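Numbering (this note's numbering), first residue to last: 105 to 533.
C-beta: ideal position from N, C-alpha, C; glycine also.
Since the model is a prediction, treat every value here as computed from it, not as a measurement.
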Amino acid sequence: MNKKGIRVECVISDTPAEKAGIKEGDRILSINRHTIRDPIDLMFYSDSEILNIVVLRENKTFNFKILKGDYPLGIEVEPFVIKRCRNRCIFCFVEQLPKGLRKSLYVKDEDYRASFLYGNYITLTNLTKEDYERINKMKLSPLYISVHAVNPEIRNAMIGNYEAPPILLELKKLAKMKIRMHTQVVLCPEINDGEELERTILELYKLYPYVSSLAVVPVGLTKYHKRGVKPVDKSKAKDTIKLVEPLQRRFRKKHGNSFVYLADEFFIKAEHSFPPLSNYDDFPQIENGVGMVPLFIEKAKKISIPTIKSKRRYVTFTGLSFYPYLEEFVLRLKEKGIAVDAYPLKNNLFGESVTVTGLLTGEDIIKGLAPYAEPKDVVLVPDITMRDYEDTFIDNLTIKDIEKILSVKAVKIGTEPTDLIEYIKNNNL
Numbered sequence: 105m106n107k108k109g110i111r112v113e114c115v116i117s118d119t120p121a122e123k124a125g126i127k128e129g130d131r132i133l134s135i136n137r138h139t140i141r142d143p144i145d146l147m148f149y150s151d152s153e154i155l156n157i158v159v160l161r162e163n164k165t166f167n168f169k170i171l172k173g174d175y176p177l178g179i180e181v182e183p184f185v186i187k188r189c190r191n192r193c194i195f196c197f198v199e200q201l202p203k204g205l206r207k208s209l210y211v212k213d214e215d216y217r218a219s220f221l222y223g224n225y226i227t228l229t230n231l232t233k234e235d236y237e238r239i240n241k242m243k244l245s246p247l248y249i250s251v252h253a254v255n256p257e258i259r260n261a262m263i264g265n266y267e268a269p270p271i272l273l274e275l276k277k278l279a280k281m282k283i284r285m286h287t288q289v290v291l292c293p294e295i296n297d298g299e300e301l302e303r304t305i306l307e308l309y310k311l312y313p314y315v316s317s318l319a320v321v322p323v324g325l326t327k328y329h330k331r332g333v334k335p336v337d338k339s340k341a342k343d344t345i346k347l348v349e350p351l352q353r354r355f356r357k358k359h360g361n362s363f364v365y366l367a368d369e370f371f372i373k374a375e376h377s378f379p380p381l382s383n384y385d386d387f388p389q390i391e392n393g394v395g396m397v398p399l400f401i402e403k404a405k406k407i408s409i410p411t412i413k414s415k416r417r418y419v420t421f422t423g424l425s426f427y428p429y430l431e432e433f434v435l436r437l438k439e440k441g442i443a444v445d446a447y448p449l450k451n452n453l454f455g456e457s458v459t460v461t462g463l464l465t466g467e468d469i470i471k472g473l474a475p476y477a478e479p480k481d482v483v484l485v486p487d488i489t490m491r492d493y494e495d496t497f498i499d500n501l502t503i504k505d506i507e508k509i510l511s512v513k514a515v516k517i518g519t520e521p522t523d524l525i526e527y528i529k530n531n532n533l
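1) Rounded to a whole number of angstroms, what is the C-alpha to C-alpha distance between ASN106 and ARG161?
2) Compare the Cα-Cα distances from MET490 to each of ARG137, VAL515 and ILE295 and report the closest residue.
3) Taking its Cβ as the centre, do 16 or more other Cβ atoms sit within 10 Å of ASP386, making it buried, or is it exposed?
4) With distance defined between alpha-carbon atoms, name the residue in LYS169, ARG137, ASP174 and THR139 nearest to ASP151.
5) Let me know the beta strand (DSSP E) ranges lying completely inside the stretch 337–412, each 3 residues or longer, listed in chain order.
6) In whole angstroms, what is the alpha-carbon distance linking ALA121 and PRO475?
7) Looking at TYR248: is its Cβ nearer than 9 Å to the Cβ of SER208?
8) Compare the Cα-Cα distances from VAL159 to each of ARG141, PHE148, LEU231 and LYS172 and report the closest residue.
9) Taking Cβ to Cβ, would you say ILE525 is nearer than 9 Å to ILE409?
10) Could you check whether the stretch 197–208 touches the stretch 498–506, counting it as contact only if at least three pairs of C-beta atoms, one from each stretch, sit closer than 8 Å?
11) Tell me whether TYR429 is buried or exposed, calling it buried when 16 or more other Cβ atoms sit within 10 Å of its Cβ.
12) Please state whether the Cβ-Cβ distance between LYS108 and ARG131 is less than 9 Å.
13) Grab the span of the beta strand (DSSP E) containing MET285 for me, first residue to last.
14) Should LYS529 go down as buried or exposed, given a rule of 16 or more other Cβ atoms within 10 Å for buried?
15) Could you please give the first and the last residue of the uninterrupted alpha helix (DSSP H) stretch that includes SER219?
16) Does ILE132 come out as helix, strand or coil in the three-state DSSP assignment?
17) Where do the N-terminal and C-terminal ends of the alpha helix (DSSP H) with PRO246 fall, by residue?
18) Are the CB atoms of SER425 and VAL394 within a distance shorter than 9 Å?
19) In three-state terms, what does DSSP make of ILE126?
20) Assign SER208 to one of three DSSP states: helix, strand, or coil.
21) Short check: CB of VAL320 to CB of TYR384, under 9 Å?
22) Have a look at PRO143, LYS164 and PHE195 and flag the residue whose alpha-carbon is nearest the alpha-carbon of ILE179.
23) Cβ atoms of CYS292 and VAL323: under 9 Å apart, would you say?
24) So what does DSSP say about GLY518, is it helix, strand or coil?
25) Per DSSP, which one or two residues make a beta bridge with ALA279?
26) Give a yes or no on whether the minimum CB-CB distance between LEU301 and chain D is below 9 Å.
27) Closest to GLU507 by CA distance: which of TYR236, ASN265 and ILE469 is it?
28) If distances are taken between C-alpha atoms only, which option among HIS286, GLY129 and LYS276 comes closest to ILE110?
29) Determine which residues share a DSSP beta bridge with ARG188 and list them.
30) Considering only residues of the same chain and omitting the five flanking positions on each side of ILE372, which have a CB-CB separation below 6 Å?
31) Alpha carbon to alpha carbon, what distance is there between HIS359 and VAL290?
32) Suppose you measure from the CA of PHE355 to the CA of ASN361; what does that come to, to the nearest Å?
33) State the start and end residues of the unbroken alpha helix (DSSP H) segment that holds ASN260.
34) How many Å lie between PRO246 and ALA279 at the Cα?
35) So does the stretch 223–242 actually touch the stretch 187–195, counting three or more Cβ pairs closer than 8 Å?
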């Protein structure tokens, strides 16, 4: 922890912090006599109407009394140093990366603060007594936890940490504190599937509602994988759906929600229809690829598409797994006179088994669109291909590179069906 507080990176105009005189570069040392170590301390201790803030500025301390009321304080602070993961998961995506990609991709984080703030999944293998006390005191909820298996031998082998405490004991500790948890199982065939998966689901369900949801996602393997884990194939996907769906019905009958959810990829691999949207409840695991595709399909169906005579051609793309669903939407756009084409792109860097849009590289996009894109086309780039604030892909190429090499205009857009329509409607010049 930083003993000299946290640095203010931005002071938002017309907020209590700006009016009081806090400046960019100040270091906040304490609020109402509580030491400030990271953004969580700031959030927790600034939740009062009256704040006494001590800051360090040019090696001098200054005191500010702020009548904040119900308004946000109005500052943004430096990110904290992430605790690194010491596990060696047999499916670790970081260990399946080649060299030369965006630096942030190589960070293996295992930090409960990032779990609370950003929804990062943690394994609960590095929490101290003080960490648990802080979680309890501040009620840092929900947390996102990778379980994989409740059987300690299987789980510890999967995460490559044979000293890890039994996960059920850790979850029960958090449940006793009334901390809500969203959990996940990365399904690895012949390791934590079948009876082991069923046992894991049932044991986690005993901790409902504190364990609020469980996502089952298929293991993701790139061509650089060397640990011998088998991929989820069509047969395994079918078996998993057959195992999970009766449990969902049972849970819905008892508590009114499904509790356990399967990633969309299981249904795509199994060539199985998606469940009704009601089965996803309030989509607690959508960021984990659970319900994204059926929600897109439903939203696309309900959209009233305006008739637009395009003055330019628009080009977009997606990974192989999502292409059939995007193509269906694009065909409807064409019927309304919108000149737009969508192309499925292969992932050359990670291998063709990686079919999601978010892991396409700038090089994949450029090479994939080169046979189709023409000068003066507008390339609509899904924002999920760029995780950083800059318009940079995971291989460090940028939107500007697409424009320069393909002689097109390239624009970042969202992934909602309305995002595509709204851009074309508002920029059809």
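According to the data block:
1) Within the sequence shown, the letter at position 2 stands for residue 106. Within the sequence shown, the letter at position 57 stands for residue 161. Annotation note: pLDDT 45 at ASN106 (below 50); position unreliable, no value reported.
2) Locating residue 490 in the sequence shown gives position 386, counting from the first residue. Looking at the Cα atoms, VAL515 is the closest of the given residues.
3) As a working note, residue 386 is residue 282 in the sequence shown. Exposed, because fewer than 16 other Cβ atoms sit within 10 Å of the Cβ of ASP386.
4) Here residue 151 refers to the residue found at position 47 when the sequence shown is read from its first residue. From the listed residues LYS169, ARG137, ASP174 and THR139, the smallest Cα separation to ASP151 is found for ASP174.
5) You should have 364–366.
6) For the purposes of this step, residue 121 is taken as the residue at position 17 of the sequence shown. For the purposes of this step, residue 475 is taken as the residue at position 371 of the sequence shown. Looking at the backbone, the Cα of ALA121 and that of PRO475 are separated by about 53 Å.
7) As a first step, residue 248 is located in the sequence shown; it is residue number 144 there, counting from the start. As a first step, residue 208 is located in the sequence shown; it is residue number 104 there, counting from the start. Cβ distance not < 9 Å, so TYR248 and SER208 don't count as in contact.
8) The count along the sequence shown starts at 1 and reaches residue 159 at position 55. Nearest C-alpha to VAL159: ARG141.
9) Here residue 525 corresponds to residue number 421 of the sequence shown, with the count starting at 1. Here residue 409 corresponds to residue number 305 of the sequence shown, with the count starting at 1. In contact: ILE525 and ILE409 (Cβ atoms closer than 9 Å).
10) Under the 8 Å Cβ criterion, the stretch 197–208 counts as touching the stretch 498–506, having at least three qualifying pairs.
11) In the sequence shown, counting from the first residue as 1, residue 429 sits at position 325. Buried: at least 16 other Cβ atoms inside 10 Å.
12) Counted from its first residue, the sequence shown places residue 108 at position 4. Counted from its first residue, the sequence shown places residue 131 at position 27. Taking the C-beta atoms as reference points, ARG131 is found nearer than 9 Å to LYS108.
13) Translated into positions along the sequence shown, residue 285 becomes position 181. Element bounds for MET285: 285–291.
14) As a working note, residue 529 is residue 425 in the sequence shown. With fewer than 16 other Cβ atoms within 10 Å, it is exposed.
15) Here residue 219 refers to the residue found at position 115 when the sequence shown is read from its first residue. 216–222 is the span of the alpha helix (DSSP H), which, as asked, contains SER219.
16) Sequence index remark: in the sequence shown, residue 132 carries index 28 (1-based). Correct three-state label for ILE132: strand.
17) By one-based count along the sequence shown, residue 246 stands at place 142. That residue, PRO246, is in no alpha helix (DSSP H); it is neither H nor E in DSSP.
18) For this step, residue 394 is matched to residue 290 along the sequence shown. For this step, residue 425 is matched to residue 321 along the sequence shown. Note that the C-beta distance between VAL394 and SER425 is not below 9 Å.
19) The count along the sequence shown starts at 1 and reaches residue 126 at position 22. The answer is coil: DSSP assigns ILE126 none of H, G, I, E or B.
20) Locating residue 208 in the sequence shown gives position 104, where the first residue counts as 1. In the three-state reduction of the DSSP assignment, SER208 falls in the helix class.
21) Numbered from its first residue, the sequence shown carries residue 320 at position 216. Numbered from its first residue, the sequence shown carries residue 384 at position 280. Going by C-beta atoms, VAL320 is not nearer than 9 Å to TYR384.
22) By 1-based counting over the sequence shown, the position of residue 179 is 75. Of the listed residues, the one whose Cα sits closest to ILE179 is PRO143.
23) As a first step, residue 323 must be located in the sequence shown, where it is residue number 219. As a first step, residue 292 must be located in the sequence shown, where it is residue number 188. Yes, the Cβ-Cβ distance between VAL323 and CYS292 is below 9 Å.
24) Counted from its first residue, the sequence shown places residue 518 at position 414. Assigned with DSSP and collapsed to three states, GLY518 falls in coil, not helix or strand.
25) If you number the sequence shown from 1, residue 279 lands on position 175. Answer by DSSP bridge pairing: none, since ALA279 is not bridged.
26) Judged by its chain identifiers, the structure shown contains no chain D, having just a single protein chain.
27) Indexing the sequence shown from 1 puts residue 507 at position 403. That would be ILE469, whose Cα lies nearest to the Cα of GLU507.
28) Residue mapping note: residue 110 aligns to position 6 of the sequence shown, counting from 1. The shortest C-alpha separation from ILE110 is found at GLY129.
29) Start at 1 with the first residue of the sequence shown, and residue 188 comes out as number 84. The partner list for ARG188 (beta bridge, DSSP) reads ASP213.
30) On the sequence shown, residue 372 is found 268 positions in, with the first residue counted as 1. Closer than 6 Å at Cβ, skipping near neighbours: SER425.
31) In the sequence shown, residue 290 corresponds to position 186, counting from 1. In the sequence shown, residue 359 corresponds to position 255, counting from 1. If you take the alpha carbons of VAL290 and HIS359, they lie about 25 Å apart.
32) Numbered from its first residue, the sequence shown carries residue 355 at position 251. Numbered from its first residue, the sequence shown carries residue 361 at position 257. In this structure, the straight-line span from the alpha carbon of PHE355 to that of ASN361 is close to 6 Å.
33) By one-based count along the sequence shown, residue 260 stands at place 156. Element bounds for ASN260: 256–263.
34) Here the question's residue 246 lines up with position 142 in the sequence shown. Here the question's residue 279 lines up with position 175 in the sequence shown. Between the alpha carbons of PRO246 and ALA279 lies a distance of about 11 Å.
35) Using a Cβ-Cβ distance cut-off of 8 Å, the stretch 223–242 and the stretch 187–195 are in contact, since at least three pairs of beta carbons, one from each stretch, lie closer than that value.
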